[in-house]
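Engineer:
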Amino acid sequence: MMLISQPVADRPLSWSGLSRRPWRRQLAVTRVFLLFVFFLWWDRLTAPHSAQRRYRRAQWLVQQLLYLGPTFIKIGQSLSTRADIIPAEYIQAFTQLQDRVPPFDSRQAIAVIEQELHGAIDEIFQQFEVTPLASASLGQVHRAVLPTGETVVVKVQRPGLDSLLNLDFELLHQTLRLAKRWLPGFRNLAQKYEVEAIYQEFFSLLFLEIDYIHEGKNAERFRQNFADYPRVRVPEIYWQYTTRMVLTLEYLPGIKVDDRQALETAGIDLDLVIQTGICAYLKQLLIDGFFQSDPHPGNMAVDSQGDLIFYDFGTMAEVKIIAKDQMIQTFFAVLRKDANQVLEALIYMGLVEPKGDLSPVKRIINFLLDNFRDKPIDIKAFDQVGEEVYAMFQQQPFRLPAQMTFILKSISTLDGIARALDPRYNLIAASQPFIQSVTVAQPKRSLAMALVQQVKQFALDQLNRPSRNQQFLQELTAKLERGEIQFATRSPEGDRLLRKIHLALKSLIFACLTGFTLLSATVLLSTIYARFAVIGFGLAGLFSLFLLRSLVKLAVQERLDRLVQRR
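Just so we're aligned: the sequence shown equals residues 2 to 568 in our numbering.
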C-alpha cells in the first residue's frame, strides 16, 4: 500500500464541532438571521430600489452561509434556482457556492473510510492520494487504486454531517415558527410562497443526498439509460467499496466541459460536444423522465475521444414523460411558434401549475420561441429572459413546481456551457440528432400519420398567413390576450400625495431614532459604560443627517406642489 501524500492546506472550518454544541449553533444561526433581517429593513428604509446594495448584501450572505456550513451552503445552492422567490443579485451570488467550499482534514477522511469499510486504509487500497481532487459542501473526493488494479475515485462524506443536519433541521424549523409569529411581513411571505412546504421538500432531498447508496443507485440507473448512447460515459459503481458514507466510482478523467482552450488544444470538435450535451439532456428529460438537476461544469467533462462524462448523481429529479407522438407535436408546435400547445405540454408534464392567470407564462414562451427558435443565441436577449421571468414573479403570486425550477436552472447552465464553447451556437441545430432519433424510433405507420398531420398543419399555417394589415391586427389582439400590452391609469395628484406621505413617515422614523439614541447616550454618560456613549452620539448624528435630508426633500416636494397648483 502506498499513500500518495502531497502538501495539503487543511484549514479548520468555522462550523467544525458546532454539532456537539447546540446552543452555539443556535446562537450562530440566530445572529446571522437577525443581522440579515435588520439589513433588509435598513435597505428598504434607505435604498429600497438599489441593485448595488442588494448585490453587496448577497455577497455578505454568501460569506455567512459558508461560515454556517453544509446545510446553509446547500440552501444557498438550492435558492440559486428560485427566480420566483429571490432577486437576481442573490441568484448570481449563490452560484459562487458551487466551488468555494474548503476541504476537511484528510486524516478524518481516512478515518471515515476505515470505519465504514472495516479495515486499514493500506489493506483496502493499493494506493490512496491524501490530497482531495475536489471538495463540496457534503463531502470530498480522493483518487485511489484498488487491489485489483482499477483506478477509482472515493467520495467521502464529511464526518458528523448526519447529526449536524438533524440539528439544523430542528433549529431552522424553530426559527421559521418564531419568524412567522413575530414578523408579520415574513408570515405573509411564507403563506404566499409555501415556505413550510419548500423547507420540508429541501430537507427530504438533502437527507437523500447524504445517503451515498442512494446516489450509487441513481448513477446505475443513469448509466443504464445511456447504455446504448455511445458518446456519453457514466462511471461504474464499485459496490464492494460503497456504504452510506463512502462511494467508490470508476475513475474517468476528462477536460472540464467549459474549458474551450483546453478542448481546442486536444483537437476536440466543440460543435459535437455541444450537440452531445443538448441531445443527452433532451433524452433525460423527454424519454427517461430522470435527469441530473444540477449539471454545472464541475459535474461534466470531456474525454480525449470527445465523449461527454457525467459525474455526481446525488441530486436527480423526475418528471412525467410524454409519448413520442406528443413529442413530435410539440416539436412542430415550436416550429409554428404555437405557445398554447407548448404550454399544454408543460402542464401535462407537471412543469407548470395550471393556476391563476397563465398569460405571463405564455409571454415567456413566446419570447423564447421568437428569440431562440431558429437563430443564433443572442447573449443580451438571453439576459432579458431572466429579467422577464423575475418581473413575472414580481407582478403576481406564482410559484413553479420544483421540477420546473430544476429544469430552468439546468437549461440556463447548459446554455452557459454551450455559449462558452461557441457564442453563436444554434439550439435547434444542436438538437437535430435527438429529433431524428425520436422519429426513427416510432413505428412506421404512426410515424407517417403523425408527420403527415403535423406537416399538413404547418403548411396550412404558412399558406393562410394574413395580409400585412390583418397580421398587424392579429398581432395586436394576440398581444392584448397575452398581456404584453397593458393599460394603467395614473393620478399625478395622488402620486404627489403618496410621495409626501412617504417622506413624512421617513422623517418621523429618523426623528424617533435620533431622539432615542441621543437619550440613550446621555444616560450612558452617568454610568460605568460612559465610554460607549460616543457610539450613541455618533448614531444620533448619523440619524439626524438622514432626518435633515428627508426634511429637505419634504420641503422641496411641498414647494413643487404649490407651483403645480398655481399653474
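Note that the Cβ used here is the ideal one computed from N, Cα and C, for glycine as well.
If I follow the unbroken beta strand (DSSP E) through E251, where does it start and stop?
Structural biologist: Counting from one through the sequence shown, the residue named residue 251 turns up at place 250. Where E251 is concerned, the enclosing beta strand (DSSP E) stretches over 247-251.
Engineer: If we cut at 7 Å on Cβ distances, does A220 have a partner in chain B?
Structural biologist: Reference to chain B is not applicable here, since this structure consists of a single protein chain.
Engineer: What did DSSP end up calling T132 once you bin it into helix, strand or coil?
Structural biologist: Within the sequence shown, numbered from 1, the residue matching residue 132 stands at position 131. It is coil, neither helix nor strand.
Engineer: On the CB-based measure, 16 or more other CB atoms within 10 Å of its CB, does L207 come out buried or exposed?
Structural biologist: Mapped onto the sequence shown, residue 207 falls at position 206. With 16 or more Cβ atoms within 10 Å of its Cβ, L207 is classed as buried.
Engineer: Between the C-alpha atoms of L370 and L428, what's the straight-line distance to the nearest angstrom?
Structural biologist: Looking up residue 370 in the sequence shown gives position 369. Looking up residue 428 in the sequence shown gives position 427. L370 and L428: Cα-Cα distance of roughly 11 Å.
Engineer: Between which residues of its own chain and N367 is the CB-CB distance below 6 Å, once the five residues before and five after are set aside?
Structural biologist: Translated into positions along the sequence shown, residue 367 becomes position 366. So the qualifying residues of the chain are A340.
Engineer: Could you compute how far the alpha carbon of P377 sits from the alpha carbon of A137?
Structural biologist: Taking the first residue of the sequence shown as 1, we reach residue 377 at position 376. Taking the first residue of the sequence shown as 1, we reach residue 137 at position 136. Only weak support is given to the placement of P377: the predicted model assigns it a pLDDT of 49, under 50, and the value that follows is read from those uncertain coordinates. Near 35 Å, if we compare the C-alpha coordinates of A137 and P377.
Engineer: For the alpha helix (DSSP H) containing I310, list its first residue and its last residue.
Structural biologist: For the purposes of this step, residue 310 is taken as residue 309 along the sequence shown, with counting starting at 1. Note, I310: premise wrong, no alpha helix (DSSP H); beta strand (DSSP E) at 309-311.
Engineer: What does DSSP give as the partner residue(s) for H174 in the beta ladder?
Structural biologist: On the sequence shown, position 173 is the one that residue 174 refers to. In the DSSP output, where bridge partners are listed per residue, H174 has none listed.
Engineer: For S447 and K321, I'd like the C-alpha separation in whole angstroms.
Structural biologist: Locating residue 447 in the sequence shown gives position 446, counting from the first residue. Locating residue 321 in the sequence shown gives position 320, counting from the first residue. Summary for S447: the model assigns pLDDT 47, below 50, so the residue's position carries little reliability, and this model does not support an answer.
Engineer: Please determine, among Q53, K75, Q293, K284, the residue with the shortest C-alpha to C-alpha distance to L166.
Structural biologist: By one-based count along the sequence shown, residue 166 stands at place 165. Ranking Q53, K75, Q293, K284 by Cα distance to L166 puts K75 first.
Engineer: Would you decide whether C280 is buried or exposed? Buried here means 16 or more other CB atoms lie within 10 Å of its CB.
Structural biologist: By one-based count along the sequence shown, residue 280 stands at place 279. The residue in question, C280, is buried, as its Cβ has 16 or more Cβ neighbours within 10 Å.
Engineer: Three-state secondary structure (DSSP) at R144?
Structural biologist: Reading the sequence shown from its first residue, position 143 is the one you call residue 144. Strand.
Engineer: Is the beta carbon of L504 less than 7 Å from the beta carbon of L555?
Structural biologist: One-based indexing of the sequence shown puts residue 504 at position 503. One-based indexing of the sequence shown puts residue 555 at position 554. Taking 7 Å as the Cβ cut-off, L504 and L555 qualify as a contacting pair.
Engineer: Compare the Cα-Cα distances from S432 to each of L273, L519, L540, A263 and report the closest residue.
Structural biologist: To locate residue 432, count along the sequence shown from 1; it is residue 431. Checking every option, the nearest Cα to that of S432 belongs to L273.
Engineer: Can you give me the start and stop residues for the alpha helix (DSSP H) that Q158 sits inside?
Structural biologist: By one-based count along the sequence shown, residue 158 stands at place 157. Segment 152-158 is the beta strand (DSSP E) holding Q158; no alpha helix (DSSP H) there.
Engineer: Could you tell me the boundaries of the beta strand (DSSP E) in which A318 lies?
Structural biologist: For the purposes of this step, residue 318 is taken as residue 317 along the sequence shown, with counting starting at 1. From DSSP, the beta strand (DSSP E) with A318 extends over 317-319.
Engineer: Find out if the Cβ-Cβ distance for the pair L548, A534 is shorter than 7 Å.
Structural biologist: Along the sequence shown, read from residue 1 onward, the residue named residue 548 stands at position 547. Along the sequence shown, read from residue 1 onward, the residue named residue 534 stands at position 533. The answer is no: Cβ separation not under 7 Å.
Engineer: May I have the straight-line CA-CA distance separating A267 from Q306, to the nearest angstrom?
Structural biologist: Your numbering for residue 267 matches position 266 in the sequence shown. Your numbering for residue 306 matches position 305 in the sequence shown. Cα to Cα, A267 sits roughly 9 Å from Q306.
Engineer: Pull up the CB-CB distance for I269 and A302, whole angstroms please, since I reckon it's below 8 Å.
Structural biologist: In the sequence shown, counting from the first residue as 1, residue 269 sits at position 268. In the sequence shown, counting from the first residue as 1, residue 302 sits at position 301. Between A302 and I269 the Cβ distance is about 11 Å, and since that is not below 8 Å, they are no contact.
Engineer: What do you reckon, are the CB atoms on R144 and V154 nearer than 7 Å?
Structural biologist: The residue you call residue 144 lines up with position 143 of the sequence shown. The residue you call residue 154 lines up with position 153 of the sequence shown. Cβ distance < 7 Å, so R144 and V154 count as in contact.
Engineer: Out of F73, Q53, Q276, which has the shortest C-alpha to C-alpha gap to T31?
Structural biologist: For the purposes of this step, residue 31 is taken as residue 30 along the sequence shown, with counting starting at 1. Looking at the Cα atoms, F73 is the closest of the given residues.
Engineer: Over the uninterrupted alpha helix (DSSP H) stretch that includes A430, give me the two end residues.
Structural biologist: As a first step, residue 430 must be located in the sequence shown, where it is residue number 429. It spans 428-431 - the alpha helix (DSSP H) in which A430 sits, taken as one unbroken run.
Engineer: List the endpoints of the continuous beta strand (DSSP E) containing A302.
Structural biologist: Taking the first residue of the sequence shown as position 1, residue 302 is located at position 301. Counting along the chain, the beta strand (DSSP E) containing A302 begins and ends at 301-303.
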